[in-house]
Amino acid sequence: MKLTAFILLISFLQISAKGLAQKITLVERDKPIGEVLHKIEQQSGYKFWYHSGDLDDTHSINIEARNLPLSQVLDMCFNGQGLSWKIIKETIVLNRVITPAPAAVPLADTLRGRIVDNTGNPVPGATILVKGSKVAAISNADGYYRLPGISGEVTIIVSNIGFQRQEIATGGRSHLDIKIVPEVSMLENVVVVGYGTQKKVNLTGAVTQVSGEVLDNRPITRISQGLQGMVAGLNIVTNTGGGAPNATQNINIRGYTGLGTTGGPLVVIDGIQGGDINAINPNDVESISVLKDAASTAIYGSSAPYGVILITTKKGKLGQPTKIAYNNNLSWAQAINLPKMLNSLDFANLYNEAFVNAGKAPDFNDETIARIKAYQDGTLATQTIKNPNTPNGWNSWASSNANNDWFKIYFKDFAFSQQHNISVSGASEKSNYYISVGYNDRSGMYNFGKDDFKRFNIRANLTSNVTNWLTFNFRSTMSRSLYNTPNVYSGQTGGNYMHQIARKYPTVALINPDGHYSDESNVLLHLQGGRDKSTEDQPMLTGEFQIKPLKGWDITMNYTFDGDIYDRQNQLKTVYVFLPDGTTAPSSGTSPNSFTRNNYRNEHHIVNAFTSYEKDFNRHHFRIMGGFTSELTSYASYSASNTQLYSNDIPALNLTYNPTPSVGDQVRRLAVEGYFGRFNYNFAGKYLLEINGRYDGTSRFLAGRRWKLSPGVSAGWNLDRENFWKSISPVINAFKLRASYGSSPDQMFLGDPSIGSYYPFYPLLGTTSPNNTSWLFGGNKQASVSQPPLVNPDLTWVTTTSYGIGTDMSLLNNRLTVSYDYYIRKANDFAGPAAVVPVLLGTGLPSVNNAAIQTKGFEVTAQWSDRIGKLHYSARASLSDYRGKVVAYNNPPRSLSTWYVGQQMGEIWGYTTNGLYQSDADAAKAPVASFWKNGWRAGDVSYADLNGDGQINNGKNTVDSSGDLRVIGNNTPRYQYSLNLNFDYKGFDLGIFLQGIAKRDAWVGSNYFWGITGDEWQSSPFTVQANNRYTASTPNGYFPKYYMSSENGKNTQVQSRYLQNAAYLRIKSVQLGYTLPASMLSPIRMQKVRVYFNVENLATFTKLIKTIDPELSISDAKIYPLQRTFSCGINVIL
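1 is the number of the first residue of the sequence shown in the UniProt record's numbering; add one for each residue after it.
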């Protein structure tokens, strides 16, 4: 919970009589007031809160108090100091005493009004001071104030603990309501860290926390979508699912974590490790902390070598009456970056050109070209004709004459989705609760055969203070996700779907002359070809006891069950299409029909027990924490499929009659234990030290190699607490330096895809069924088992070590905050190839721990928050960058076909080009190329002979002998940036979020880039390629001469000419809202009503070819499109 919110809530509580009567003994001579306050805190258990400058003009204290009430001791300390005190629950709040205006000041009008926070709630205890005078007032419990003696136009200063100080011109008004906003100082933030919380000012590791508000009111299905671009160093990219309704995102912290693969962060939900970030309702999130360096993540050991995402969900707040909140989001999505297909006539001419260039006959004959023209002119009504060579068939592909843009046909103009969330929360003196229900219904973009995703969430967070030393917490959540899509083009994969659309000729008929959908259109496959359905249930239950035996001593024990139950049913129905004579026949590829079922159940049992003790000795603050965790994961799955269903209408495995079904199953268990601890020390808030450690054991490795230590240490220095800083503190209000070191092992991500996911020391046996074996035993084919490969029993942990330095600062009255981090991370002992041994061994060697990579990067975040009159505005910008290289790998020749030492991660090797040959004569002078020896022509790519040997080749394909290959680019996303702008004026609010990448190269090898690939069945010439190709009449075209044969490959080698600039800027989100005035809501007993309008993915600026979205997998690009989403909604609090 934010400290600001804490102060606001407790200000409604009454002073504790018991606390005032507490006895204090204090004998001091000429002691600074700060030291005296510290000793009172030690004896009373109260904490003091005051503005940083309030103690500057105080004098030393002389006091002799023996066994006196706390109230009397406080009066003695502050007598003559110009300070007043007030106890609010367990906090003693100090304020400067405002002397009433002298009688000589003429009394005039009275200024009245109300002080509220940015949510419209009253703020009691705020000080309102007339600038340049001693006229002042304090707001009452309802936030109202009365400031007498105002003459003409004056400026007032409004201040309160936890809020930004404001200066406001009254303009001669007699009534002025004022909204104050929370202070953004680092001192006021409480950050969730591993197994606890810390004040931001005391943090020494690289930790960033964002409020759950960043997820509010956006048409997102998953938390990861809302976090994209919000945290420097948190890299979130859309995976191969693209913009599909059920798509997830790949999450990475601080760049490269392996060779060819990327390890993700550990997700911790309400203190429980291992939850699924995609199963959480974004509306339930209170805050999210991202732990980025190993010093911060060492407390989680081998579970978190690549960072941690800590998610805290909402709960009832003390002092809060029952609150009912409802919000919704209604959205309409429009696909973006859909390729624009050629019209049929241009398509036919282009294909004929490519066929002729390849020395072949034209693909489209004159008669078909004439029909295409007639159909486009409107003189021919039908999209195809009967096939003269097959009387009971229709012409198609290069013999039909339709004019269809298949992307416009297959995808909707807009898809409607909706979200609804309702929650009830509140608290009494001894308990609090938060209960929510969420429903998310997202429709996909398919025009035929709907594809949709639904998720139901329910959550209950309950806390009961059983006694004054025992608290019980119970948290339960359930997520059910349903996905339903046509079983066409590989169902849920999406990529093949986009490929099939792109390669379909526009001449293919959608509707045959008989009025039925054509077979080649595949529309009937969407509508009648069966469904691919999946259901996933993810329950999570936690019971937790918190014990406080003594002041400063806490004990926490919890048990969690985290489940994942998944079932997928895939049915292929036999589809019947109409033939010209009116009869029907099975559509190609749909007979026989089939049914497949996949199911898995994963159970994760977690036990945590830890204790912490906190103590102050004068100016020394100590905190120590230690604990134990045990995890057991059990996984079981099965899959079965068979063909020949008795009926299309009853999909069930026991209703198939093929005698050879396919069946498989898998069972595995993994146990992990860990002992962890943390030690925190700070001296007077100046010098900070944190030591983390964990000792992990896993069942994954053999005895003797199962245990590994994860150490972490970090230190900080708050320079603003030093005396020498006072002269610049009005400008630089806070300044902290940080440094960290940490090391964490990784048991799951060994870096070699050939290694089994769980137990690398078990050899994998190859099995062959009797029907597939080539050997006879006893005259019959028998099931067989092949010799397993060698395994390495010594294979063990990958170890990730990181070093980091950083700084945090606040400037200009905390209006500007800046954080900067620089880090080096090295991952050692990845599994790599072993040294070469004699051929007589007869089999390959197993992998060994001998590979390593290194990543270096930086992150910087800056935020500005201020007010101009009634306009409050803020801007938050972030920039991060990283680069990685291979520092160890067994590849002595440094072959380019695999990893090599010194290789920059993401580098792209290719040929350098001089442009396109402009004449056949120039092309005839081309050097001999290893990849094409049959000559070159005008319009072909001219490759540079960089080594001057008269040939174009890759030499020995090594770093030292690469021929004409050079590093021409790098696909690492460099300089990832974001900008978040927010404005608030008289109830209106506007938020603008921009996100992008400043530098990235991309090599795209698919038909989405080239158009013509040399194979007519795998080509997709869109308008962007066709209108920018080389021809004799357009010699300056960007794309080379097209050949519909393998000759086309000579122009599509990896090269500098067609290397793409994948940098981009995207206006990710724009939201405009309006909150109704409190005066309108009070009579109808509502706390808040807000309406809003939002646009996601409003616009994108990039030099990348328009058929490819820069956020998607660029190398292939054939992915379900992202969408521009228009949405509106309402937030209501009762």
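In this text, a Cβ means the ideal position worked out from N, Cα and C, and glycines have one as well.
This one's a predicted model, so the numbers in the text were calculated from it and none came from an experiment.
Looking at C-alpha atoms only, which residue of the options is the closest neighbour of residue i?
{"i": "residue 520", "options": "551, 814, 396", "result": "396"}
{"i": "residue 539", "options": "598, 523, 578, 605", "result": "605"}
{"i": "residue 913", "options": "1056, 902, 564", "result": "1056"}
{"i": "residue 1058", "options": "911, 464, 763", "result": "911"}
{"i": "residue 689", "options": "75, 128, 204", "result": "204"}
{"i": "residue 1012", "options": "355, 200, 195", "result": "355"}
{"i": "residue 740", "options": "734, 716, 88", "result": "716"}
{"i": "residue 407", "options": "292, 530, 501", "result": "501"}
Look up residue i in the DSSP assignment and give the residues it is bridged to.
{"i": "residue 48", "result": "92"}
{"i": "residue 1002", "result": "1060"}
{"i": "residue 711", "result": "693"}
{"i": "residue 888", "result": "852"}
{"i": "residue 742", "result": "712, 802"}
{"i": "residue 563", "result": "603"}
Taking its Cβ as the centre, do 16 or more other Cβ atoms sit within 10 Å of residue i, making it buried, or is it exposed?
{"i": "residue 1060", "result": "buried"}
{"i": "residue 227", "result": "buried"}
{"i": "residue 589", "result": "exposed"}
{"i": "residue 935", "result": "exposed"}
{"i": "residue 846", "result": "buried"}
{"i": "residue 1080", "result": "exposed"}
{"i": "residue 15", "result": "With a pLDDT of 35 at residue 15, under the threshold of 50, the predicted position of this residue should be treated as unreliable, though the coordinate-derived value follows. Counting Cβ neighbours within 10 Å, residue 15 comes out exposed, since fewer than 16 surround it."}
{"i": "residue 100", "result": "Its pLDDT being 47, under 50, residue 100 is placed unreliably by the model, and the measurement read from it follows with that caveat. It is exposed - the Cβ of residue 100 has fewer than 16 other Cβ atoms within 10 Å."}
{"i": "residue 299", "result": "buried"}
{"i": "residue 469", "result": "exposed"}
{"i": "residue 1111", "result": "buried"}
{"i": "residue 1138", "result": "Within the shown structure, residues of the chain are numbered from 1 to 1134, placing residue 1138 beyond reach of any answer."}
{"i": "residue 1114", "result": "buried"}
{"i": "residue 66", "result": "exposed"}
{"i": "residue 618", "result": "exposed"}
{"i": "residue 666", "result": "exposed"}
{"i": "residue 1148", "result": "The question about residue 1148 has no answer here: the residues shown for the chain are numbered 1 through 1134."}
So, residue i versus residue j, is the Cβ gap smaller than 7 Å?
{"i": "residue 277", "j": "residue 210", "result": "no"}
{"i": "residue 24", "j": "residue 68", "result": "yes"}
{"i": "residue 992", "j": "residue 981", "result": "yes"}
{"i": "residue 1075", "j": "residue 1090", "result": "yes"}
{"i": "residue 1048", "j": "residue 1014", "result": "yes"}
{"i": "residue 964", "j": "residue 979", "result": "no"}
{"i": "residue 342", "j": "residue 290", "result": "no"}
{"i": "residue 465", "j": "residue 438", "result": "no"}
{"i": "residue 1064", "j": "residue 987", "result": "no"}
{"i": "residue 1001", "j": "residue 970", "result": "yes"}
Quick check: the Cα distance between residue i and residue j, rounded to an integer number of angstroms?
{"i": "residue 152", "j": "residue 994", "result": "44 Å"}
{"i": "residue 891", "j": "residue 743", "result": "27 Å"}
{"i": "residue 117", "j": "residue 179", "result": "5 Å"}
{"i": "residue 1027", "j": "residue 1003", "result": "21 Å"}
{"i": "residue 185", "j": "residue 72", "result": "Unreliable positioning characterises residue 185 in this predicted model, as indicated by a pLDDT of 49, which lies under 50. The coordinate reading is nonetheless provided below. Distance between the alpha carbons of residue 185 and residue 72: 33 Å."}
{"i": "residue 27", "j": "residue 62", "result": "8 Å"}
{"i": "residue 268", "j": "residue 275", "result": "6 Å"}
{"i": "residue 614", "j": "residue 623", "result": "4 Å"}
{"i": "residue 492", "j": "residue 181", "result": "Residue placement at residue 492 is poorly supported in this model, since its pLDDT is 49, which falls under 50; the coordinates are not used for a value here."}
{"i": "residue 1018", "j": "residue 1123", "result": "26 Å"}
{"i": "residue 822", "j": "residue 550", "result": "41 Å"}
{"i": "residue 1021", "j": "residue 363", "result": "15 Å"}
{"i": "residue 855", "j": "residue 1121", "result": "32 Å"}
{"i": "residue 426", "j": "residue 432", "result": "6 Å"}
{"i": "residue 555", "j": "residue 31", "result": "36 Å"}
{"i": "residue 691", "j": "residue 1127", "result": "47 Å"}
{"i": "residue 357", "j": "residue 498", "result": "28 Å"}
{"i": "residue 647", "j": "residue 655", "result": "8 Å"}
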